Ligand SMILES: NC(=O)c1ccc[n+]([C@@H]2O[C@H](COP(=O)([O-])OP(=O)(O)OC[C@H]3O[C@@H](n4cnc5c(N)ncnc54)[C@H](OP(=O)(O)O)[C@@H]3O)[C@@H](O)[C@H]2O)c1
């Protein structure tokens, strides 16, 4: 099996390649220097040349707030770029993995969203990721759409790294406590992706670490694991305005994973602890 992963210089793409290499699966990680997703010919020709059996599409326009003002670029990358990848996969009869987000949902109530629940994104990034999903489902039968949330990994910037830095710089921090979801450790997700692509259990999945928390609870755990002496106080979203709206309820039901023979990931607390140990020991 030969696998191409986009977004290699990002958080998830990097860990996907590391995992595949550890399994001795032939693979290549690519980023914008190899081809620009907004360029149809470049994207399709590159993939047709490499002839992968699977494309794991991790690259995206991921700046959620900036996306509100940078709509054209965000659309070109997340919707058109995804359509080009799907077109190339169709031509090669390759499997495609499309990484999506909890932000495809409106996030009302407290119920866990199931993979087939109605989508209704409330910010532009979420809208483009949802349209990207539609491009995949329109073009292909051999696809895995994996919705994830609150991502952290060794390669790149994320909430955990920011909180560790602020925790060392400041005595106190206010963090929103009324948005509930699940952190996703790219190391754990990469393991799942590597398992999935070796099956034909196609479809839409939700995959995050186990358990739910607020950003406030997430931060408290980060400060504890990182031994930061910083007081964290809960605030409401209305007191922390952002350019893009965020869903209050990002709880996603992951039971489809085990129904199809995949292992659920460990708890988000265990994942955060291990991640912070790795970060702090590498400094
Ligand atoms: N981060 C989260 O919290 C989160 C939550 C839910 C879902 N997701 C989804 O999970 C996936 C992986 O996220 P991540 O956090 O690993 O992303 P990331 O760290 O932001 O990496 C994204 C990668 O995409 C590349 N890219 C951007 N524009 C490109 C273009 N025009 N052509 C080619 N490559 C381009 C970036 O390259 P440059 O750095 O050179 O621009 C970067 O390497 C994405 O699909 C994202 O939508 C993320």
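In this note's numbering, the protein residues as written are 22 to 304. Ideal Cβ positions, reconstructed from N, Cα and C, are used throughout, including at glycine. Computed from a predicted model, the values in this text were never measured in an experiment.
Chain-order list of residues whose beta-carbon lies under 6 Å from that of residue i (same chain, five-residue window excluded)
{"i": "residue 134", "result": "126, 273"}
{"i": "residue 254", "result": "195"}
{"i": "residue 167", "result": "120, 226, 228"}
{"i": "residue 193", "result": "252"}
{"i": "residue 176", "result": "32, 35"}
{"i": "residue 81", "result": "99"}
{"i": "residue 149", "result": "95, 96, 99, 100"}
{"i": "residue 103", "result": "153, 156"}
Euclidean distance between Cα positions of residue i and residue j
{"i": "residue 84", "j": "residue 257", "result": "22 Å"}
{"i": "residue 201", "j": "residue 131", "result": "9 Å"}
{"i": "residue 279", "j": "residue 259", "result": "37 Å"}
{"i": "residue 37", "j": "residue 73", "result": "15 Å"}
{"i": "residue 22", "j": "residue 197", "result": "44 Å"}
{"i": "residue 169", "j": "residue 44", "result": "23 Å"}
{"i": "residue 58", "j": "residue 250", "result": "43 Å"}
{"i": "residue 216", "j": "residue 163", "result": "15 Å"}
{"i": "residue 157", "j": "residue 113", "result": "15 Å"}
{"i": "residue 31", "j": "residue 54", "result": "13 Å"}
{"i": "residue 263", "j": "residue 86", "result": "7 Å"}
{"i": "residue 49", "j": "residue 41", "result": "9 Å"}
{"i": "residue 235", "j": "residue 153", "result": "27 Å"}
{"i": "residue 218", "j": "residue 181", "result": "28 Å"}
{"i": "residue 281", "j": "residue 39", "result": "25 Å"}
Opposing strand residues paired with residue i [DSSP bridges]
{"i": "residue 195", "result": "254"}
{"i": "residue 165", "result": "118, 224"}
{"i": "residue 270", "result": "201"}
{"i": "residue 134", "result": "273"}
{"i": "residue 25", "result": "49, 76"}
{"i": "residue 172", "result": "205"}
Contacting residues, own chain, Cβ-Cβ under 7 Å from residue i (five flanking each side not counted)
{"i": "residue 242", "result": "290, 293"}
{"i": "residue 56", "result": "63, 64, 67"}
{"i": "residue 189", "result": "249"}
{"i": "residue 230", "result": "203, 204, 205, 206, 209, 286, 287, 288, 289, 292"}
{"i": "residue 122", "result": "147, 150, 168, 169, 170"}
{"i": "residue 79", "result": "26, 27, 28, 31, 33, 34, 37, 120"}
Spatial neighbours of residue i in its chain, beta-carbon cut-off 8 Å, leaving aside the 5 residues before and after
{"i": "residue 76", "result": "24, 25, 26, 27, 68, 106, 109, 110, 115, 116, 117, 118"}
| Any chance the stretch 258-270 sits against the stretch 142-157, with 3 or more Cβ pairs inside 8 Å? | Three or more beta-carbon pairs separated by less than 8 Å link the stretch 258-270 to the stretch 142-157, which places the two stretches in contact.
| At a cut of 8 Å, does the stretch 244-251 reach the stretch 89-109 through at least three beta carbon pairs? | no
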